[in-house]
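What follows is a single structure, written as structure tokens, with notes after it.
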Amino acid sequence: MSGIARRFLYPLILLAIFVPTYVLIFDTKLDLNGDNARYYVLGKALSLGKGYVDIHSSEAGRAANVPPGYPALIGLVLKLVSSDFAAVKIANGVFFFLSILLLFFLFKYLSTNIHLAFVGALMVLLNGHLLRYSTLMMSEVPFLFFSTSALYAFVKIKPSGNLARDPFFYLFLAALICSFYIRTAGLALLAGVALALVLGKKWKFLTVVLTSYSILILPWILREKTSPGNTYIDQLLQVNPYRPELGQVGLSDILARIFTNAQRYIVREIPNGFFNFATGDLGAIEWLVGIGITLAIVGGLFKLEQHRCAIATYLAAALGILLVWPESWFGVRFLLPIVPLLLFCLLNGTYHLLCLPLARTAIKRKPSPLFLLLFAFLSLPHLQHVHALAKYGRYPDSWQNYFEIARWVKHNTAAHSIVCCRKPFMFYLFSDRFVTTYQNTPDAGELIADLRRKGVDYLVIDNLEYTTTHRYLIPAIEKNPDKFTLVHSLKNPDTWLLEF
Numbered sequence: 001m002s003g004i005a006r007r008f009l010y011p012l013i014l015l016a017i018f019v020p021t022y023v024l025i026f027d028t029k030l031d032l033n034g035d036n037a038r039y040y041v042l043g044k045a046l047s048l049g050k051g052y053v054d055i056h057s058s059e060a061g062r063a064a065n066v067p068p069g070y071p072a073l074i075g076l077v078l079k080l081v082s083s084d085f086a087a088v089k090i091a092n093g094v095f096f097f098l099s100i101l102l103l104f105f106l107f108k109y110l111s112t113n114i115h116l117a118f119v120g121a122l123m124v125l126l127n128g129h130l131l132r133y134s135t136l137m138m139s140e141v142p143f144l145f146f147s148t149s150a151l152y153a154f155v156k157i158k159p160s161g162n163l164a165r166d167p168f169f170y171l172f173l174a175a176l177i178c179s180f181y182i183r184t185a186g187l188a189l190l191a192g193v194a195l196a197l198v199l200g201k202k203w204k205f206l207t208v209v210l211t212s213y214s215i216l217i218l219p220w221i222l223r224e225k226t227s228p229g230n231t232y233i234d235q236l237l238q239v240n241p242y243r244p245e246l247g248q249v250g251l252s253d254i255l256a257r258i259f260t261n262a263q264r265y266i267v268r269e270i271p272n273g274f275f276n277f278a279t280g281d282l283g284a285i286e287w288l289v290g291i292g293i294t295l296a297i298v299g300g301l302f303k304l305e306q307h308r309c310a311i312a313t314y315l316a317a318a319l320g321i322l323l324v325w326p327e328s329w330f331g332v333r334f335l336l337p338i339v340p341l342l343l344f345c346l347l348n349g350t351y352h353l354l355c356l357p358l359a360r361t362a363i364k365r366k367p368s369p370l371f372l373l374l375f376a377f378l379s380l381p382h383l384q385h386v387h388a389l390a391k392y393g394r395y396p397d398s399w400q401n402y403f404e405i406a407r408w409v410k411h412n413t414a415a416h417s418i419v420c421c422r423k424p425f426m427f428y429l430f431s432d433r434f435v436t437t438y439q440n441t442p443d444a445g446e447l448i449a450d451l452r453r454k455g456v457d458y459l460v461i462d463n464l465e466y467t468t469t470h471r472y473l474i475p476a477i478e479k480n481p482d483k484f485t486l487v488h489s490l491k492n493p494d495t496w497l498l499e500f
């Protein structure tokens with residue numbers, strides 16, 4: 001088969017595998033994290049022409065801390081296609097498949113091996129975490145698309161050519177800026193590219209990139225500085241962003257955080273990001289697997305045929321940010337944008353390691369890397385789990401009650417009522433009422449005063465997981481029982497709506 005035929009055959013195979021796989025794992029339900037609801041609410045505000053504001057709030061103030069890129073994409077879908085959750089989810093699926101195609105061509109360019117590129121792209125396609133996020137209203141997959149676009153354009157720029165006449169330069173710059181406006185973690189991509197240019201002594205290229213980037217992100221930086229609320233930097237410097245009363249971190253806390261995060265990413269998050277391996281306590285086997293995978297990734301990175309410096313600096317910058325992340329921000333989610341590159345480096349390292357014995361023989365030709373497709377079987381258990389999540393027809397009981405309370409509020413309260421609750425964006429989607437949160441403080445008097453300042457009419461006492469309701473809100477209510485009246489309740493588990 002000719003190279004041209006393979007070049008088009010492999011993308012067609014990827015498409016043929018992607019479509020039925022995506023149908024199997026497609027989840028019509030709203031994911032139970034507040035971020036996807038917030039993205040949708042912000043996108044709705046843009047689609048309605050209200051601007052980038054918090055329409056869920058009675059004050060409708062400027063939205064802060066969430067870059068506008070992904071909400072803008074959602075707004076386009078809501079305006080041009082449908083307001084249904086499924087339309088936004090399908091758009092994410094399209095972004096995921098386009099990312100897979102881009103990764104195939106990027107992997108081919110980095111390794112100069114089309115078969116290895118196909119294996120890498122297929123393993124990304126079958127990655128349970130990425131598939132799951134491709135059916136959620138979250139920014140990780142669109143960010144993967146734009147960051148991959150930026151990397152692909154960057155490696156295609158002619159090193160000695162005229163930047164002003166190179167279309168890949170403009171594509172690179174546009175994708176780089178879009179990455180930042182979708183996730184501020186896009187700064188890691190800039191840092192990686194800048195470091196690669198410094199090491200390559202490409203000073204003119206570096207100057208143009210830094211100048212253009214600074215000018216184009218300046219509007220958002222200035223907006224963030226004048227917006228109320230904590231920025232990501234503020235949260236990063238807290239011991240625990242979910243418990244502000246614990247205060248700020250010191251140098252010893254930062255060092256401890258780096259050490260703890262390094263262990264967790266090597267032993268748990270990176271292996272889980274590939275094959276959903278590590279569960280339960282971490283023992284010797286998990287350490288051996290984690291260290292082995294890490295060494296294979298480093299080896300595979302070193303054996304890349306082209307632009308290993310750019311890939312290495314980007315991965316180093318992205319992982320460096322994750323190492324100083326608060327320990328309460330854990331999980332594979334934060335690793336997802338670089339999982340494809342790490343996975344390809346793992347495959348490349350494994351391939352070259354398995355080919356080492358041939359170097360001592362008379363066999364000159366290396367075997368086809370297609371045998372690495374055997375790794376796909378390791379993805380099957382996680383794919384079955386993702387399929388089960390998608391096909392499970394109802395929310396957990398605690399969330400079912402939470403949404404039922406929201407629906408009751410929609411039909412039984414005044415249109416301008418303000419409801420205080422733990423997950424305001426989720427509640428807003430089902431209640432269509434203004435929402436706010438309670439102050440995270442153990443001081444009952446301060447919490448009650450804050451409710452008055454916000455003009456709260458109702459409060460929701462939930463039984464959701466990882467909630468601060470029992471830590472802050474319930475103690476304040478118990479100390480001031482005369483200020484609250486029960487107006488509606490559900491059982492199994494107990495969920496109450498109180499009038500304030």
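When the letters of the sequence shown are read in order and numbered with the working numbering, they come out as residues 1 to 500.
We put the beta carbon where it would ideally sit given N, CA and C, even for glycine.
Does the stretch 58-74 touch the stretch 300-310, meaning 3 or more C-beta pairs lie closer than 8 angstroms?
-> no
Out of Leu199, Leu473, Arg264, point me to the one whose CA is closest to threonine 313's CA.
-> If you number the sequence shown from 1, residue 313 lands on position 313. Checked all of Leu199, Leu473, Arg264; the closest Cα to threonine 313 is Leu199.
At what residue ranges does the stretch 358-433 contain a whole run of the beta strand (DSSP E), taking only runs of 3 or more?
-> Within the stretch 358-433, the runs of beta strand (DSSP E) that reach at least 3 residues and sit entirely inside it are, in chain order, 418-420.
Could you tell me which residues DSSP puts in a beta bridge with leucine 459?
-> As a position in the sequence shown, residue 459 is number 459, starting the count at 1. Its beta-bridge partners are Cys420, Leu498.
What do you reckon, are the CB atoms on glycine 75 and leucine 46 nearer than 7 angstroms?
-> Numbered from its first residue, the sequence shown carries residue 75 at position 75. Numbered from its first residue, the sequence shown carries residue 46 at position 46. For glycine 75 and leucine 46, yes; Cβs fall inside 7 angstroms.
Please name the residue in Ala284, Tyr170, Ala188, Leu222 whose C-alpha comes closest to that of phenylalanine 205.
-> By 1-based counting over the sequence shown, the position of residue 205 is 205. Distances from the alpha-carbon of phenylalanine 205 to those of Ala284, Tyr170, Ala188, Leu222 put Tyr170 closest.
Nearest CA to the CA of glutamate 499: which residue from Leu136, Asn492, Asn480, Tyr181?
-> Start at 1 with the first residue of the sequence shown, and residue 499 comes out as number 499. Minimum Cα distance to glutamate 499 is reached at Asn480.
Starting from serine 47, follow its DSSP beta bridges and name the residues at the other end.
-> Locating residue 47 in the sequence shown gives position 47, where the first residue counts as 1. Serine 47 pairs with nothing; no bridge assigned.
C-beta atoms of isoleucine 321 and alanine 188 nearer than 7 angstroms | Counting from one through the sequence shown, the residue named residue 321 turns up at place 321. Counting from one through the sequence shown, the residue named residue 188 turns up at place 188. Contact: yes.
May I ask which residues mark the beginning and end of the alpha helix (DSSP H) holding valine 88?
-> Stepping through the sequence shown from its first residue, residue 88 is reached at position 88. 85-111 is the span of the alpha helix (DSSP H), which, as asked, contains valine 88.
Within 10 angstroms of the Cβ of glutamine 238, are there 16 or more other Cβ atoms? Answer buried if so, exposed if not.
-> For the purposes of this step, residue 238 is taken as the residue at position 238 of the sequence shown. Under this definition glutamine 238 is a buried residue.
Residue of His56, His488, Asp494, Val409 minimising C-alpha distance to tryptophan 399 = In the sequence shown, residue 399 corresponds to position 399, counting from 1. The shortest C-alpha separation from tryptophan 399 is found at Asp494.
For serine 489, which beta-bridge partners are listed by DSSP?
-> Mapped onto the sequence shown, residue 489 falls at position 489. Note: serine 489 sits in a beta bridge opposite Trp496.
Consult DSSP for valine 53 and reduce its assignment to one of helix, strand or coil.
-> Against the sequence shown, residue 53 aligns to sequence position 53. Note: valine 53 maps to strand in three-state DSSP.
Threonine 437 - DSSP class collapsed to helix/strand/coil = Position 437 of the sequence shown, counted from the first residue, corresponds to residue 437. In the structure shown, threonine 437 adopts coil according to DSSP, grouped into three states.
Buried versus exposed, by CB contacts within 10 Å (16 or more), leucine 304 | Residue numbering aside, residue 304 sits at position 304 when the sequence shown is read from its first letter. By the 10 Å Cβ count, leucine 304 comes out buried.
Less than 8 angstroms between the CB atoms is what I'm expecting for alanine 317 and aspartate 27, so what's the real figure, rounded?
-> If you number the sequence shown from 1, residue 317 lands on position 317. If you number the sequence shown from 1, residue 27 lands on position 27. Actually they do not touch by this definition, with Cβ atoms about 32 angstroms apart.
Where do the N-terminal and C-terminal ends of the alpha helix (DSSP H) with serine 214 fall, by residue?
-> Stepping through the sequence shown from its first residue, residue 214 is reached at position 214. 203-225 is the span of the alpha helix (DSSP H), which, as asked, contains serine 214.
Between which two residues does the alpha helix (DSSP H) harbouring histidine 470 extend?
-> Translated into the one-based positions of the sequence shown, residue 470 becomes position 470. Premise fails: histidine 470 is in no alpha helix (DSSP H) and is neither H nor E.
Whose CA, out of Asn276, Lys483, Val94, Phe375, lies closest to the CA of aspartate 457?
-> For this step, residue 457 is matched to residue 457 along the sequence shown. Looking at the Cα atoms, Lys483 is the closest of the given residues.
Beta-carbon proximity of arginine 422 to aspartate 462, cut-off 7 angstroms | As a working mapping, residue 422 is identified with position 422 in the sequence shown. As a working mapping, residue 462 is identified with position 462 in the sequence shown. Yes, the pair counts as a contact, with Cβ atoms nearer than the cut-off.
Where aspartate 54 and leucine 288 are concerned, what is the direct C-alpha to C-alpha distance, given to the nearest angstrom?
-> As a first step, residue 54 must be located in the sequence shown, where it is residue number 54. As a first step, residue 288 must be located in the sequence shown, where it is residue number 288. Between aspartate 54 and leucine 288, the C-alpha separation is close to 47 angstroms.
Between phenylalanine 427 and phenylalanine 434, what straight-line distance do the alpha-carbon atoms span, to the nearest angstrom?
-> For the purposes of this step, residue 427 is identified with residue 427 of the sequence shown, where counting begins at 1. For the purposes of this step, residue 434 is identified with residue 434 of the sequence shown, where counting begins at 1. Approximately 9 angstroms between the Cα atoms of the pair.
Taking all protein chains shown into account, do 16 or more other C-beta atoms lie within 10 angstroms of the C-beta of leucine 15, making it buried, or fewer, making it exposed?
-> Locating residue 15 in the sequence shown gives position 15, where the first residue counts as 1. Leucine 15 comes out exposed.
Own chain, CB closer than 8 angstroms to asparagine 92, minus 5 neighbours either side, in chain order = Taking the sequence shown and counting its residues from 1, the one referred to as residue 92 is at position 92. Hits under 8 angstroms: Tyr133, Ser134, Thr135, Leu136, Met137, Met138, Val141, Pro142.
Does the count of Cβ pairs from the stretch 321-334 and the stretch 342-362 closer than 8 angstroms reach three?
-> The stretch 321-334 is not in contact with the stretch 342-362.
Contact the stretch 211-218 vs the stretch 165-183: 3+ CB pairs below 8 angstroms | yes
Would you kindly work out how many angstroms separate the C-alpha atoms of asparagine 412 and isoleucine 100, rounded to a whole number?
-> Along the sequence shown, one-based indexing puts residue 412 at 412. Along the sequence shown, one-based indexing puts residue 100 at 100. Their Cα atoms are separated by approximately 47 angstroms.
Helix, strand or coil: how does DSSP classify arginine 62 here?
-> Looking up residue 62 in the sequence shown gives position 62. Note: arginine 62 maps to strand in three-state DSSP.
Tell me the DSSP bridge mates of glutamine 238?
-> Within the sequence shown, the letter at position 238 stands for residue 238. Its beta-bridge partners are Gln248.
Excluding the 5 residues preceding and the 5 following threonine 469 in the sequence, name in chain order all residues of the same chain whose CB lies nearer than 7 angstroms to its CB.
-> Along the sequence shown, one-based indexing puts residue 469 at 469. Arg422, Ile461, Asp462, listed in sequence order.
Helix or strand or just coil, what does DSSP make of glycine 273?
-> Position 273 of the sequence shown, counted from the first residue, corresponds to residue 273. Reduced to three states, the DSSP call for glycine 273 is helix.
Rounded separation between tyrosine 501 and arginine 38 - CA only | Since the first residue shown for the chain is 1 and the last is 500, residue 501 is missing from the structure and cannot be characterised.
Please state if the CB of alanine 296 and the CB of leucine 335 are separated by a distance shorter than 7 angstroms.
-> As a position in the sequence shown, residue 335 is number 335, starting the count at 1. As a position in the sequence shown, residue 296 is number 296, starting the count at 1. It is not a contact, given that the beta carbons lie outside the stated cut-off.
Range of the contiguous alpha helix (DSSP H) that encloses lysine 156 | By 1-based counting over the sequence shown, the position of residue 156 is 156. Counting along the chain, lysine 156 sits inside the alpha helix (DSSP H) bounded by residues 140-156.
Assumed close pair leucine 24, histidine 382 - CB separation to whole angstroms, cut-off 8 angstroms | As a position in the sequence shown, residue 24 is number 24, starting the count at 1. As a position in the sequence shown, residue 382 is number 382, starting the count at 1. Wrong, their Cβ atoms sit about 13 angstroms apart, outside the cutoff.
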